[in-house]
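A.B. asks:
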Amino acid sequence: MNYNNEKYEVPTYYKTINEALKLAKDAVEGEREDELFYDYIISIAPTREEKDIIASIRDDEMKHNKMFREIYKYYTGQDIVTPRDVRFEKPKSYEDGLKKALFGELSAVEKYRDIRAGLPNEYYRDMVFEILTDEQKHADKYNYLLNLNNSEEKMEESYTPDEWVGYIEPLVEHALDEVKEGINPRHLFQEFILMGVLVGMGEETEDAYKQVEMWEKTGASKLLVKSKKIGGSYERNNRTI
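Residue numbers (the numbering used here): 3 to 243.
1. Kindly list the residues whose CB is nearer than 7 Å to the CB of A177, restricted to its own chain and excluding five residues on each side of it in sequence; keep chain order.
2. By the 10 Å Cβ neighbour count, where 16 or more other Cβ atoms means buried, how is G120 classified, buried or exposed?
3. To the nearest angstrom, how far is it from the Cα of P48 to the Cα of L147?
4. For N20 and E206, what's the separation of their Cα atoms in angstroms?
5. By Cβ distance, which residues of its chain are closer than 8 Å to I44, with the 5 residues on each side in sequence left out?
6. What's the gap between the Cα of K139 and the Cα of I170?
7. Just to confirm my understanding: we take L173, look at its own chain, exclude 5 residues before and 5 after, and list those with CB closer than 8 Å. What are they?
8. Following the continuous alpha helix (DSSP H) through A210, name the residue where it begins and the one where it ends.
9. Based on Cα-Cα distance, which residue from E183, E132, E137 and K101 lies nearest to N149?
10. Write down every uninterrupted run of the alpha helix (DSSP H) in the stretch 18-93 whose length is 4 residues or greater and which is fully enclosed by it, in chain order.
11. So, under 8 Å CB-CB, L23 and Y74 are touching, yes? Tell me the CB distance rounded to an integer number of Å.
12. Determine the closest residue to N67 out of L226, R89, R34 and D179, with distance taken between C-alpha atoms.
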């Protein structure tokens, strides 16, 4: 069958302009509650890094609200009026707040796609595309914060002090072997404190040992190479004594 002569009526827009404007208005009307939420989450965030990340998201959201207000006024000639006296319910915990924010971002992406689909003006469609990409970045940031806090809780809750000692026992055994070889204390301290740092960052003990050994053998760490060379004179002096 030849379709070349067939005429098809292709719809211009997936959503109507009225649907898009209603969604834009709805997005802005939660502005005050969002402000209170962000201020609270920032106040209870445990580290400066986390406070700064959430503050950057808050600033983006304020920018988005201005964009939606501009879009709404362009098409309707009216300003969006938002209530200032709103009820804000605090999340049960910092982690619950992050989860609420994450799912809020994912829900917003769905709505903003519909807004973009209903706008006939390419300039404003591009504006909403910028908002969409910001929202996706926000979701990534909230995932990072959740993983960060889950990892810290897991480390705190999963191990007793004696279990921690047992966890680093392979490093202790490696250190004792190197003491027998006559390696000087400075080099040993450098090596095994560095290995401990890597273990604290999540490396397995054996992987941490191999990583530090590789830095030394390849010369990636000049300080390790230097302290290892000093070991020769240290060993000779000990034998003389």
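No residue lacks a Cβ here, since even glycine has one placed at the ideal position from N, Cα and C.
Keep in mind the model is a prediction, meaning the values are calculated, not measured.
C.D. replies: This is what the structure gives:
1. Counted from its first residue, the sequence shown places residue 177 at position 175. In chain order, L190 and F194 place their CB closer than 7 Å to the CB of A177, counting only its own chain and leaving out the 5 sequence neighbours on each side.
2. Counting from one through the sequence shown, the residue named residue 120 turns up at place 118. Answer is buried; the Cβ neighbour count reaches 16.
3. Taking the sequence shown and counting its residues from 1, the one referred to as residue 48 is at position 46. Taking the sequence shown and counting its residues from 1, the one referred to as residue 147 is at position 145. CA-to-CA, the gap between P48 and L147 works out to about 11 Å.
4. One-based indexing of the sequence shown puts residue 20 at position 18. One-based indexing of the sequence shown puts residue 206 at position 204. Answer to the nearest angstrom: the Cα atoms are 57 Å apart.
5. Here residue 44 corresponds to residue number 42 of the sequence shown, with the count starting at 1. The residues are K53, I56, A57 and R60.
6. As a first step, residue 139 is located in the sequence shown; it is residue number 137 there, counting from the start. As a first step, residue 170 is located in the sequence shown; it is residue number 168 there, counting from the start. Taking the straight line from one Cα to the other gives about 37 Å.
7. Along the sequence shown, read from residue 1 onward, the residue named residue 173 stands at position 171. Hits under 8 Å: F194, M197, G198, V201, T207, A210 and Y211.
8. As a working mapping, residue 210 is identified with position 208 in the sequence shown. T207 to T220 is the span of the alpha helix (DSSP H), which, as asked, contains A210.
9. Looking up residue 149 in the sequence shown gives position 147. The residue with the shortest Cα to Cα distance from N149 is K101.
10. Counting only unbroken stretches of 4 or more residues, the alpha helix (DSSP H) elements lying wholly within the stretch 18-93 are 19-31, 33-46 and 50-78, in sequence order.
11. One-based indexing of the sequence shown puts residue 23 at position 21. One-based indexing of the sequence shown puts residue 74 at position 72. Taking the Cβ atoms as the reference, L23 lies roughly 6 Å from Y74, within the contact range of under 8 Å.
12. Taking the sequence shown and counting its residues from 1, one reaches residue 67 at position 65. That would be R34, whose Cα lies nearest to the Cα of N67.
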